[in-house]
Amino acid sequence: MDLSPYYHIIFSALAILLSAFMFLLTLNSKSKRVNLPPGPPGWPVVGNLFQVAGSGKPFFQYVRELLPTYGPIFTLKMGSRTMIIVSNADLVHEALIEKGTIFATRPAENPTRTIFSCNKFTVNASMYGPVWRSLRRNMVQNALSAGKIRTFRHVRVTAMDKFVERLKAEAAANGGAVWVLKNARFAVFCILLAMCFGVEMDEETIEKMDNMMKTVLITLDPRIDDYLPLLRPFFSKQRKKATEVREQQIATLVPFIEQRRSAVKNPGSDPTAAEFSYLDTLFDLTVEGRKYPPTNPEIVTLCSEFLNGGTDTTGTAIEWAIARFIENPSIQSKLNDEIKTTVGDKRVDEKDVENMPYLNAVVKELLRKHPPTYFSLTHSVTEPAKLAGYDIPTGTNVEFFLPAIAEDPKLWTNPKQFDPDRFLTGGEDADITGVTGVKMMPFGVGRRICPGLGMATVHVNLMIARMVQEFEWSSYPKDTKVDFSEKLEFTVVMKNSLRAMIKPRV
Ligand code: HEM
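Using the working numbering, the first residue of the sequence shown is number 804, and each one after it goes up by one.
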């Protein structure tokens, strides 16, 4: 959440004037009687907003530095929004498992998000209720069930072969060096596109789609008027731009939606059409409380959610994995040994992954130490609630800070260390779904747990296995140390995007 571009003196002055006015208005309001968790003192109305923005730090870093002072639950006032940051496993369990139905909703969205989510018509943004239930049930049962994931095996095989070819070509042109995140996220994006649209796309079209998705994500970056709605009149240009981007997004995606609609209506008419796609589940979808199926703009929104949910998250996991392999070559060689003993000279397949305990331990440790997002998506409560004895009013943004849980010394031995063996010889374990207890939650836990968990696990395991089977990975430039600094770019990626040397294994 980098708000620094908006941290402008004029707005500060304006906000202070407004804040004095609003403060007087709210002095006697009943919110004064609410017992919120403690937090750093802020200014009236703007709260801690300018402290956060002015710190110049990524939001996760700002929060991390407050933990020793304010503990496992604290409040940040971000303009009109009250944010409650939770960073302790027991409190996560209390909120998302014990009081799961109450903490399962989402807060109100800012106007830009509302444009792109078609008024909260997505699994991730919808309030806890009938729309969410219908959309989520459809995604989980009709598109992401274990059986449906299996039907796309051939898509993953083709995408992995292309991925390896791309890496080889890039290495050949650059003295053996390749960019890790860029190539990994492109490979996942190809898989998700094929699953979503069920039509074949050439590389140029895929890149066009990818650029479109990136533009949307940038447009959705938070702005200061999201926190201080009184400043909205100053941002009419940005609002107009957002509407234009939305129009472009619709114009880019609708032709593919119509192509698929026609292929489904006239079986056999399009020889390139896949047997099944996520789109097929949306055309006639019945949504509780509605009499009509999703419109084309709504389908655009649902497809974008499907593509965005799994692309950067998975790509990010792969980048951190390769960084760890370069840092610790013994992990890489142990993995390669396991691949060799499991599949011999055969190309590693997703079915083999189940029989590779070391690979599974590496992936689990990766998601513990480097959860691709440091906060779960924002939660909110369906009714006034209590957490750790404090009041949680409706409309509050409840944020769960994942690294604090996955690196809690009360839950883990040497939590800072990247050590896949902790899950094998170390005798440690964790239920990633949180049902039997929360120790790490890279996919969230409870009712809003990531519905892509199963598929994402297949993708991360398979990509790592193929990347290590094909190549030996080492540092670029040679003999340099990996810099593990982080930065926020929707997910938490490496501050200096990882470039690595690859050597084909013989
Ligand atoms: C390594 C990959 C992934 C990670 C780390 C990840 C992580 C997460 C997290 C932390 C949440 C928020 C949970 C909460 O609100 O408490 C989430 C939600 C979600 N994810 Fe994922 N995700 C991944 C892959 C995917 C994939 C492949 C898809 C679908 C194609 C997907 C679709 C979604 C959706 C739709 C939600 C919203 C669920 C809801 O609100 O009910 N994710 N994910």
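Glycine included, C-beta positions come from ideal geometry on N, C-alpha and C. Given the structure is predicted, the values throughout are model-derived calculations rather than measurements.
DSSP on ILE1027, reduced to helix/strand/coil?
Walking along the sequence shown from the start, residue 1027 turns up at place 224. Helix, per DSSP.
What does PHE1178 pair with, by DSSP beta-bridge criteria?
For the purposes of this step, residue 1178 is taken as the residue at position 375 of the sequence shown. By DSSP's assignment, PHE1178 forms a beta bridge with PHE1204.
The ligand HEM and PRO910: does any heavy atom of the ligand fall closer than 7 Å to the residue's C-beta?
Taking the sequence shown and counting its residues from 1, one reaches residue 910 at position 107. No, the ligand HEM has no heavy atom inside 7 Å of this Cβ.
Relative to the C-alpha of GLY1198, which residue among GLU868, GLU1141 and ALA907 is closest?
To locate residue 1198, count along the sequence shown from 1; it is residue 395. Measuring from the Cα of GLY1198, the nearest candidate turns out to be ALA907.
Identified DSSP bridge partners for THR878:
The residue given as residue 878 occupies position 75 in the sequence shown. By DSSP's assignment, THR878 forms a beta bridge with ILE887.
Does DSSP put GLY1092 in a helix, in a strand, or in coil?
Sequence index remark: in the sequence shown, residue 1092 carries index 289 (1-based). Coil.
CB of MET1015 to nearest heavy atom of the ligand HEM: below 7 Å?
Residue mapping note: residue 1015 aligns to position 212 of the sequence shown, counting from 1. MET1015: no, Cβ never under 7 Å from the ligand HEM.
Go to TRP1123, then tell me how far its alpha helix (DSSP H) extends in each direction, as first and last residue.
As a position in the sequence shown, residue 1123 is number 320, starting the count at 1. Run containing TRP1123: 1099 to 1130, per the alpha helix (DSSP H) assignment.
Measuring from the CB of ILE905, is there a heavy atom of the ligand HEM at a distance below 7 Å?
As a first step, residue 905 must be located in the sequence shown, where it is residue number 102. No, the Cβ of ILE905 stays beyond 7 Å of every heavy atom of the ligand HEM.
Below 8 Å between beta carbons: does that hold for GLN1051 and MET1004?
In the sequence shown, residue 1051 corresponds to position 248, counting from 1. In the sequence shown, residue 1004 corresponds to position 201, counting from 1. Contact: no.
Looking only at its chain, what residues have a beta carbon closer than 6 Å to the beta carbon of PRO1223, apart from the 5 residues adjacent to it on each side?
Indexing the sequence shown from 1 puts residue 1223 at position 420. Same-chain partners within the cutoff: ALA1164, VAL1165 and GLU1168.
Put ARG1250 into one of helix, strand or coil per three-state DSSP.
Here the question's residue 1250 lines up with position 447 in the sequence shown. Three-state result, ARG1250: helix.
How many angstroms separate the CA atom of THR917 from the CA atom of ASN927?
For the purposes of this step, residue 917 is taken as the residue at position 114 of the sequence shown. For the purposes of this step, residue 927 is taken as the residue at position 124 of the sequence shown. Straight through space, the alpha carbons of ASN927 and THR917 are spaced by roughly 12 Å.
Grab the span of the beta strand (DSSP E) containing GLU1007 for me, first residue to last.
Taking the sequence shown and counting its residues from 1, the one referred to as residue 1007 is at position 204. Taken as a continuous stretch (DSSP letters only), GLU1007 belongs to no beta strand (DSSP E), being part of the alpha helix (DSSP H) at 1006 to 1022.
Proximity to TYR1081 [Cα-Cα], best of ASP1073, VAL1103, PRO1074 and GLY1092
Against the sequence shown, residue 1081 aligns to sequence position 278. Out of ASP1073, VAL1103, PRO1074 and GLY1092, VAL1103 has the C-alpha closest to the C-alpha of TYR1081.
For a test of your reading of the model: does the CB of PRO861 fall under 7 Å from any non-hydrogen atom of the ligand HEM? Yes or no.
Residue mapping note: residue 861 aligns to position 58 of the sequence shown, counting from 1. PRO861: no, Cβ never under 7 Å from the ligand HEM.
Could you tell me whether any non-hydrogen atom of the ligand HEM is closer than 7 Å to the CB of HIS1182?
Along the sequence shown, read from residue 1 onward, the residue named residue 1182 stands at position 379. Checking every heavy atom of the ligand HEM against the Cβ of HIS1182, one is found closer than 7 Å.
What span of residues does the beta strand (DSSP E) with MET1159 cover, start to end?
In the sequence shown, residue 1159 corresponds to position 356, counting from 1. Premise fails: MET1159 is in no beta strand (DSSP E) and is neither H nor E.
Limits of the unbroken beta strand (DSSP E) element including ALA856:
Looking up residue 856 in the sequence shown gives position 53. In this chain, ALA856 is not harboured by any beta strand (DSSP E); it is covered by the alpha helix (DSSP H) spanning 852 to 857.
Is any heavy atom in the ligand HEM found nearer than 7 Å to the beta carbon of PRO1097?
By one-based count along the sequence shown, residue 1097 stands at place 294. Closer than 7 Å to some heavy atom of the ligand HEM: that does not describe the Cβ of PRO1097.
Tell me, please, which residues DSSP counts as bridged to GLU1153.
Here residue 1153 is taken as the residue at index 350 of the sequence shown, counted from 1. Answer is none; GLU1153 lacks a bridge partner.
With 16 other Cβ atoms within 10 Å as the buried cut-off, status of LEU1180:
As a working note, residue 1180 is residue 377 in the sequence shown. When all chains shown are included, LEU1180 counts as exposed.
Can you check DSSP and say which residues form a bridge with PHE1274?
If you number the sequence shown from 1, residue 1274 lands on position 471. Per DSSP, the beta bridge partners of PHE1274 are PRO1307.
Which residue comes first and which comes last in the beta strand (DSSP E) that contains THR1294?
Residue mapping note: residue 1294 aligns to position 491 of the sequence shown, counting from 1. Secondary structure note for THR1294: its beta strand (DSSP E) is the uninterrupted segment 1294 to 1297.
Would you report the Cα separation of GLY1001 and LYS985, rounded to the nearest angstrom?
The sequence position of residue 1001 within the sequence shown is 198, counting from 1. The sequence position of residue 985 within the sequence shown is 182, counting from 1. LYS985 has its alpha-carbon roughly 24 Å from the corresponding atom of GLY1001.
Proximity winner among ILE888, GLU897 and PHE853, relative to LYS1189 (alpha-carbon distances)
Counting from one through the sequence shown, the residue named residue 1189 turns up at place 386. Distance from the Cα of LYS1189 is smallest, within the candidate group ILE888, GLU897 and PHE853, for GLU897.
Can GLY1229 and THR1239 be called in contact, C-beta distance under 8 Å?
To locate residue 1229, count along the sequence shown from 1; it is residue 426. To locate residue 1239, count along the sequence shown from 1; it is residue 436. In this structure, THR1239 does not lie closer than 8 Å to GLY1229 by Cβ.
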